[in-house]
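Following: one structure in C-alpha cells, then a few remarks.
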Amino acid sequence: MNERPIYELWGLELFDKIWSSTDFNKEQIELISRALRNCSTVLDLGTGIGTVAEHLIKEGKTVYGLDISQNSLDYAKKKINSKRFHPIQLDAHELAFENKFDGIYCASNTAYFDDLDSVVKGIHRALKQSGLFAITGF
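According to this note's numbering, the residues represented by the sequence shown are 1 to 138, in order.
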C-alpha cells in the first residue's frame, strides 16, 4: 500500500483533534496499555502524532517513537513534551535494534508496510527475550 498517511492529507492538528476523540482510538490505547502493562521501555512503530505514546508516557513508560515522517515526529515531540519520549526518524523496514525493548506496539499502521516480513524480523531482533509485541488494526 505505502500511501500517504491520512494525517498528512488532513493536516496534523486536525487529524489529532478528530482521531483523539474517537471511541476506536480510546479502545486501541486501552488494549495496548493492558498488553504492555509490565513493560518499561517500548518502541512505538509508526508513532505518527504520538497519541498512544503520550498515554503510555503518562503511565511511566519510556517510549521510542519511530516514524518515517519528520513532521509527525516534530508534532509528537511538541505535543508530548517529555524526556521519556525519544523520536526516531526511520523506516520500520530498517529496524536495527538488538534486544532493546520490553515491548513494541504498532497501532493501525501495518497497511503502510511494503514488506511485513522484514518488519516482523526487525521487531523480533529489537525485543528483549521476554518482550511483548502488541498490534492493532482497523
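C-beta atoms are modelled at their ideal positions from N, C-alpha and C, and glycine is treated no differently.
The alpha helix (DSSP H) spanning residue i covers which residue range?
i	result
Leu116	Leu116 to Ala126
With residue i and residue j assumed to form a contact (beta carbons below 8 angstroms), what rounded beta-carbon distance in angstroms separates them?
i	j	result
Tyr105	Asp44	6 angstroms
His55	Ser33	6 angstroms
Ile123	Phe113	So it is not a contact: roughly 11 angstroms between Cβ atoms.
If we count the other Cβ atoms within 10 Å of its Cβ and call it buried at 16 or more, is residue i buried or exposed?
i	result
Lys61	buried
Gly137	exposed
Leu116	exposed
Gln28	buried
Ala96	exposed
Rounded to the nearest angstrom, what separates residue i and residue j at their Cα positions?
i	j	result
Lys128	Glu13	35 angstroms
Ser118	Gly48	20 angstroms
Arg84	Ile135	22 angstroms
Ser40	Gly103	8 angstroms
Gly131	Phe101	7 angstroms
Ile80	Gly50	7 angstroms
Gln70	Asn99	25 angstroms
Lys121	Lys78	31 angstroms
Grab me the residues of residue i's own chain with a C-beta within less than 8 angstroms of its C-beta, minus the 5 sequence neighbours each way, in chain order.
i	result
His86	Thr62, Val63, Tyr64 and Gly65
Val52	Gln28, Ile29, Ile32, Asp44, Tyr105 and Ala107
Ile88	Tyr64, Gly65, Leu66, Asp67 and Leu73
Just curious, the beta strand (DSSP E) that residue i is in, first and last residue?
i	result
Thr47	No beta strand (DSSP E) contains Thr47, which DSSP labels as neither H nor E.
Ala107	Phe101 to Ala107
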